[in-house]
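Data block below; observations after.
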């Protein structure tokens, strides 16, 4: 029993992408509904066909969306735990629901509006309230958890702080340089320049990169994702049913999520990962299972859509997914390997989170589908297989291989 | 809050909000001692304290004094303050410390690292843990350059 090629992504829908807060007066709910209806329409399906929600990071409340949109009957509603690490894996959740006969048409989505709530926000102030609710938590006793005092004193409470720690260790072990991080940011910006949906379309030079505000050394402004709003949805159904729909099917060749148990929550509050994979994206066990399921290896991948909340994690994923040996990701990107034109493995041809928009991984799924349909803005000639990843964050992280 | 000082991240809590699993750590901290729970079955150190040993799943721990020294495993220099109120604190150095006497992973601490030049601090630098008394119930551990 395997998920290989038994299901397909058949529809993609999205709102425009907005700078943080500019999606008002829409709401996260209204944008979710808009993306779902657009994805169903793209597939040639309607809301009457939808019966499953296979999401991640609790991106929406299926009860609310189903009632608002009038879904006739929900037969499957589940979310991968943790956060953006599950983005690619949510396609595998859909495949699992469909191949086990529990649902026929599933949607995964992310909807995000950072007007009032900022994902990169910190737990500063409020007497530790941000560490666990403080005295204002609506849950339970409202107490600060006992682990908070072990963490809070360091003042490292924003995502960039955490990823700076992984990056510094990677630099120490392998000689990774800021120039390597810059190549990730600059190559993705080059891709975004040609893409109308991208929010950052001005060229980025090496000088601008090095003159940018240093935030959490060694990470500067351009190593960080943007803060954006918007929603993207993807519809999955069986390979059989996919044959009769509007677009050629994009088959789910394999999907895996999880991670080593001791990877744990990995960042923010933990940092107890064993030495041999501390300075990684946590995706090595995912890559192994994913390639085995799909019967493929890194040499079969034509385009890689790697979750890029921070530029160095692209480098670590290139290593974890076997595009280069562990420790050589920096020189691998410096040699031009991830460029759309001339690269051995074009990466984030849509501009990624760094330059197109940050919808917590869903834009990567959208780009993979466009590449495999052959209508991407930065089309990789003859692309047949795309890798999409989620995370790196706390367990589970995830990866999915799509093929046309 | 006492006056802000560049390099020293101000304590955001006045109490460790300890429970039975963590109280011995904070009791020792008030005395200036670094202690950690060590699994009586297999010897694994677990910090922050947890209800189970991740090596053998034991639940019986012995609180053990550590040398109070260690090594910088990784760090970041925070140069952009999280809020305007912290403008006087940046740049500050914080990171992961591997504690002498433990097995490393599983007993690392995430600490503010004071007393180093942010431009020259390196992974592998030796540190000692010191305790910054915040209140009658809370002494916050920080790291600083080890005395030769």
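Protein chains in written order, with the working numbering: chain A, 39 to 442; chain B, 409 to 556. Idealized CB from N, CA, C, for every residue including glycine.
- Taking a beta-carbon distance threshold of 9 Å, residue 184/A counts as an interface residue toward chain B.
- Shortest Cα-Cα distance from residue 280/A to any of 354/A, 68/A, 136/A and 427/A involves 136/A.
- For residue 144/A, the secondary structure class from DSSP, reduced to helix, strand or coil, is strand.
- Ranking 410/A, 108/A and 274/A by CA distance to the CA of residue 147/A puts 274/A first.
- One thing to note: residue 223/A has its Cβ within 9 Å of the Cβ of residue 393/A.
- Residue 267/A holds the alpha-carbon nearest to the alpha-carbon of residue 155/A among 358/A, 240/A, 267/A and 388/A.
- Residues are counted here when their Cβ sits less than 8 Å from a Cβ of chain A; for the stretch 542-555 of chain B these are 546, 548, 549 and 550, given in chain order.
- For the 9 Å CB-CB criterion, residue 487/B and residue 255/A form a contact.
- Distance from residue 456/B to residue 301/A at the Cβ level is roughly 17 Å; contact not present, criterion being Cβ atoms closer than 8 Å.
- Contact of residue 531/B with chain A by beta-carbon distance below 8 Å involves 206, 207 and 210.
- At the C-beta level, residue 353/A and residue 208/A come within 9 Å of one another.
- Taking the beta carbon of residue 192/A as reference, the chain B residues within 7 Å of it are 417, 502, 518, 519 and 520, listed in sequence order.
- The Cβ-Cβ distance between residue 372/A and residue 218/A falls below 9 Å.
- Annotation: Cβ neighbours of residue 425/B in chain A (cutoff 8 Å, chain order): 166, 181, 182, 183, 184, 186 and 187.
- Not a single C-beta of chain B is nearer than 9 Å to the C-beta of residue 382/A.
- Straight-line spacing of the CA atoms in residue 113/A and residue 138/A works out to 12 Å.
- Residue 409/A has its alpha-carbon roughly 6 Å from the corresponding atom of residue 417/A.
- Of the other Cβ atoms in all chains shown, fewer than 16 fall within 10 Å of the Cβ of residue 65/A; this residue is therefore exposed.
- Interface criterion not met: the Cβ of residue 476/B is under 9 Å from no Cβ in chain A.
- Among the residues of the stretch 131-155 of chain A, none has a Cβ less than 8 Å away from any Cβ of chain B.
- DSSP places residue 260/A within a helical segment (H, G or I) once states are collapsed to three.
- Per DSSP, residue 185/A lies in no alpha helix (DSSP H) segment and is marked neither H nor E.
- At the C-beta level, residue 272/A and residue 42/A stay beyond 9 Å of one another.
- Here the alpha carbons of residue 269/A and residue 396/A stand approximately 10 Å from one another.
- At least one CB atom of chain A sits nearer than 9 Å to the CB of residue 434/B.
- In this structure, DSSP gives residue 520/B an extended state, which the three-state scheme calls strand.
- Pairing residue 469/B with residue 531/B gives a Cβ-Cβ distance that is not under 9 Å.
- Within the same chain, Cβ atoms closer than 6 Å to the Cβ of residue 115/A are found at 91 and 100, the five residues on either side in sequence being excluded.
- Taking a Cβ-Cβ threshold of 8 Å, the residues of chain B close to residue 313/A are 512 and 513, in chain order.
- Taken atom to atom, the span from the alpha-carbon of residue 206/A to that of residue 212/A is near 10 Å.
- Using a Cβ-Cβ cut-off of 9 Å, residue 443/B does not count as an interface residue toward chain A, since no Cβ of chain A sits closer than that to its own.
- Beta-bridge pairing by DSSP links residue 94/A to 118/A.
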